[in-house]
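Residue numbers (the numbering used here), protein chains in the order written: chain A, 6 to 417; chain B, 443 to 935; chain C, 102 to 339.
Printed below as a string of structure tokens:
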């Protein structure tokens, strides 16, 4: 069987805001199963080993359980569609082309946690996704499904599409809460975690768009089916945003655990203009590097982590020989510097100084002292911010230092 | 001067302290290979130095329509100017006059200053204040602000009339941040930070036609041709002459003197330095730092180990400093944490005038905060600190040195103060002569661009060899010797 | 005083004694004298400092800005190295001097219309009205200035209070570095300071003296014996 685009990107599901079409294609079955036995939802996700697709790879069921167990009324489920990191372009596709899978996943989450609000939090830079989702939500609200949900919940369920601030930092969980509370999306320190105190201080579950999109399929076909989709110990499928110096960049759904080699050279059509493969930046909140040695790595959360890298959002930005890694890292740092919200001086000053040192080293003006200073900054900065942005910036620098020491060697 | 090569002109000039003499007789940092690979640049006027004098010169030259490059070793504004606390002299009081200011200045300098320069200085005074206000500098007023207000005037040691104008006790900071902003926003001024001059350029006729800079950020030499060069490189406190601590900024290493002398400029009063009477002796981490004369001006007493006052605190600086050294030498000093000095009685002053700390002595408040004690309860221990290079390059009233095309303004020049400087005359000098040098340099014909080279350095090196000194140390020093620095290694890295 | 070489009352800047405290500055382990500032420790390190150093302790030049992490702490503070005492186990990273990307260009000589000052401020510093009150500038300021409040005062046109608020600013640019809205608070504050002085400071004693000079009533006479005490100048004859 072809392993490409089996579930999320399955052609028959790419319908846009067409609820009838979605139901005709087998949509709604997951929600029916969930309504039939709400108590089984979380154990099913646990058995399926569904992970957070926003980059963390954290077991989804744990978050759901925390939100379900948290005392308090008026709970929120938020579908995080702020997607804004370099090289990631998966959620916008799901929101635009399979909005009903996303909403259905959100409804199941609301059922599992007893939520009274489902918020689809979407980056306004993706205007088509916002518009399509508004239509999709209207269709659900006009359908008998909402009443069935409310009966099962025992209270009304409000579904809303909210445009995000469009800022990178707005995707951070506590920034999501701040924005939905009507404030600028400033992150804050955790705890309290959103499951304890989120939007309007109510328990809040925040999941990545892709994570929620998987849920109806899992409930419909069962955990065993989902696990079997993955390769080896990995479960399910994953969306990979492939970009950079390859022949066929694009969005690919493949079994979780597909090798990097297969993604690039089979699905991606190999390297652009026959160049030599050099490295991949894995995209997401913590950008890391994979190299030639890692072409055999299985692209799942645990296998990639074993190579001291991170799967992240599944974005793979392919770099060919002749490209300066340090230059690319500097571009990431510039992105983080621009995205820093300003609350923590160490984040703004840290990204500034990282950029200055990288610029000097990449420009051939760096010295052993600059490199020492860079390594020192990587020790000083982590953990100094309210959110993980500065940690993400340090991670990409550290990963490049560890993976491509030769690039820095000229300055040693 | 035990000069090798020999000095010309009248004999009997007192010799500079040996470390300074060694620098003046040093060899060049630069070699022909570095020169050959240097990146060429041009300016109508080149200003060397990023303190107050350099800024004033650059603004004047740019104001006259010239394209100006201001190159500085550290960063624009990192200078002694920004550290100046006390104030600036200008004779504006009704009982004051330019003549009084002239007489006080000449007397304070033991009648050794160039009277033509002093006349120029004092005459410029009021116009300098007006120019600074026009740039946006604040000055303290006597009472409330408003039309009809008068400037607050304080009395400096060694003057007959209150003449010091100030912005609290951070006058230099207020002046420098205004000047720096004006320079950095000026469309015809390019600031080059971290670009120290390592040699001047001369033409066949012996005129100065530019300078060789070293760009620390890009590790390259720059060959900057300009028909006029203004030295505003400041003084030499960081040589720690005589083993003294210093109140000077990090870059005060006599670079301008070395370059000017090597090119053949006439220098004067190289043996004459001002020791500020009230440098911090204790607490140790602040040693050498300055306690503004404003504190004595406000009425603080100096008290020896026997609890006695021993000098009129408002006499000229050299007299007060000598008195403190005498108390210490004769065993009447106070020792604390291994440091010897005398008390500056801030508790007494602040008991008499409790609101001073908040209103006028904010610098003292900060210093005490850094020291970690309350100046209302505990006195500082003070001893003289190396503060000012009285001498320097001989200039005319337009700021030009004895080398055509080479100007000097501020501490690097000599003759304005003679052998002792009054408080408040340095800030006046840098603006007065900085602007004069800038305006005069701007008037030099731009067409006079010359190829320029370092033939004067070759002549100097031949003379060193003839004198048996082929391996003289290399200078300018650029940085104090607290930690090693080698320009060659830096450029090769 | 200049007639003799005075005896040194003490040594020059204290070199690090053997038994000092150890900290890491830009990745280099440095042993410093107890009570030394971070800057003193760095200046007496393994290589001469060529940047991030200016007034060396007075705290007025703003060059020695750095990030400091104390042993065992998560927090990283922005400080001036000359005003921060070195501590064992500290990690320090100096911050390069600022190369502005967004400039607010004005010529103070053209700010002449006091009725229109607020409009000019908004035209030159359009970002100032966009403050998000993240508080980063206040946290970044090593001088404890209420920067955010100062920006608000500028935008409100409360110019005298704003000017006072920025009185102790040393232009280290840390607030500008911290600001996500590119407000450049220190430059904004300085603009207001400059404008208020240039537009309103008209000391009558200075005005009168300038008029006297203009009218030739303030001549300076050089007495014949003036400058007689000067020592000969020197130049080399190579």
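For glycine and all other residues, C-beta sits at the position ideal for the given N, C-alpha and C.
Any C-beta of chain C under 7 Å from that of residue i
i              : result
residue 353(A) : yes
residue 392(A) : no
residue 592(B) : yes
residue 902(B) : yes
residue 752(B) : no
residue 941(B) : Not covered by the structure: residue 941(B). The range shown for chain B is 443 to 935.
residue 456(B) : yes
residue 346(A) : yes
residue 6(A)   : Below a pLDDT of 50, predicted positions are generally treated as unreliable, and residue 6(A), at 48, falls in that range; the measurement from the model is reported next regardless. Chain C, which has no Cβ nearer than 7 Å to the Cβ of residue 6(A), makes this no.
residue 62(A)  : no
residue 361(A) : yes
residue 758(B) : no
Proximity test, Cβ basis, 7 Å: residue i and chain A
i              : result
residue 237(C) : yes
residue 702(B) : no
residue 177(C) : yes
residue 934(B) : no
residue 170(C) : yes
residue 253(C) : no
residue 285(C) : no
residue 209(C) : no
residue 196(C) : yes
Neighbour flag for residue i against chain B, beta carbons, 7 Å
i              : result
residue 295(C) : yes
residue 111(C) : Per-residue confidence for residue 111(C) stands at a pLDDT of 40, beneath the threshold of 50, marking its modelled position as unreliable; the derived number appears in the next sentence. True, the Cβ-Cβ gap to chain B drops below 7 Å.
residue 328(A) : no
residue 191(C) : no
residue 232(C) : no
residue 316(C) : no
residue 164(C) : yes
residue 406(A) : no
residue 156(C) : yes
residue 139(C) : no
residue 145(C) : yes
Exposure label - residue i; buried when at least 16 CB within 10 Å
i              : result
residue 213(C) : exposed
residue 585(B) : exposed
residue 329(C) : exposed
residue 448(B) : Low confidence applies here, because residue 448(B) scores a pLDDT of 39, under 50, leaving its location unreliable; read the following figure in that light. The residue in question, residue 448(B), is exposed, as its Cβ has fewer than 16 Cβ neighbours within 10 Å.
residue 308(A) : buried
residue 146(A) : exposed
residue 338(C) : exposed
residue 214(A) : buried
Residue i Cβ short of 6 Å to the ligand SAH heavy atom set
i              : result
residue 239(A) : Among the ligands in the structure shown, none appear at all, so the ligand SAH cannot be discussed.
Could you list the residues in the region 263 to 281 of chain C with a C-beta less than 8 Å from some C-beta on chain A, going in chain order? 275, 278, 279, 280 and 281
Return the chain-ordered ranges of every alpha helix (DSSP H) run that is complete within the region 847 to 932 of chain B and spans a minimum of 4 residues. 867 to 884 and 897 to 908
Mind checking the region 614 to 626 of chain B against chain C and listing, in chain order, the residues whose C-beta falls within less than 9 Å of any C-beta there? 614, 615, 616, 618, 619, 620, 622, 623, 624 and 626
Beta strand (DSSP E) runs contained entirely in the region 212 to 268 of chain A, provided each spans 3 or more residues: 242 to 249 and 255 to 260
What are the complete beta strand (DSSP E) segments, minimum 3 residues, inside the region 271 to 323 of chain A? 282 to 287 and 293 to 296
Give the list of continuous alpha helix (DSSP H) stretches no shorter than 4 residues that lie fully inside the region 726 to 794 of chain B. 735 to 739, 759 to 771 and 788 to 794
Could you tell me whether the region 183 to 197 of chain C touches the region 719 to 726 of chain B, where touching means 3 or more Cβ pairs closer than 8 Å? no
Do the region 801 to 808 of chain B and the region 602 to 618 of chain B make contact, defined as three or more Cβ pairs closer than 8 Å? yes
Taking any Cβ of chain A, which residues in the region 652 to 668 of chain B have a Cβ under 8 Å from it, in chain order? 659, 660 and 661
Jot down the residue ranges of each uninterrupted alpha helix (DSSP H) in the region 209 to 256 of chain C, minimum 4 residues, whole runs only, in chain order. 218 to 225 and 237 to 241
Length-filtered (4 minimum) alpha helix (DSSP H) runs lying within the region 245 to 322 of chain C: 248 to 257, 260 to 266, 275 to 279, 286 to 301 and 305 to 315
Report yes or no: do three or more beta-carbon pairs, one from the region 304 to 314 of chain A and one from the region 384 to 393 of chain A, lie closer than 8 Å? no
With a threshold of 8 Å, are at least 3 pairs of Cβ atoms found where one atom belongs to the region 283 to 303 of chain A and the other to the region 364 to 377 of chain A? no
Whole runs of the alpha helix (DSSP H) within the region 789 to 836 of chain B, excluding any shorter than 4 residues: 798 to 801 and 804 to 813
Would you check if the region 21 to 39 of chain A and the region 254 to 274 of chain A touch, i.e. whether three or more CB-CB distances between them fall below 8 Å? no
Which residues, in order along the region 565 to 582 of chain B, keep a beta-carbon less than 8 Å from a beta-carbon of chain C? 565, 568, 569, 571, 572, 575, 576, 577, 578, 579, 580 and 581
Near-chain B residues of the region 213 to 227 of chain C (beta-carbon distance less than 8 Å), N- to C-terminal order: none
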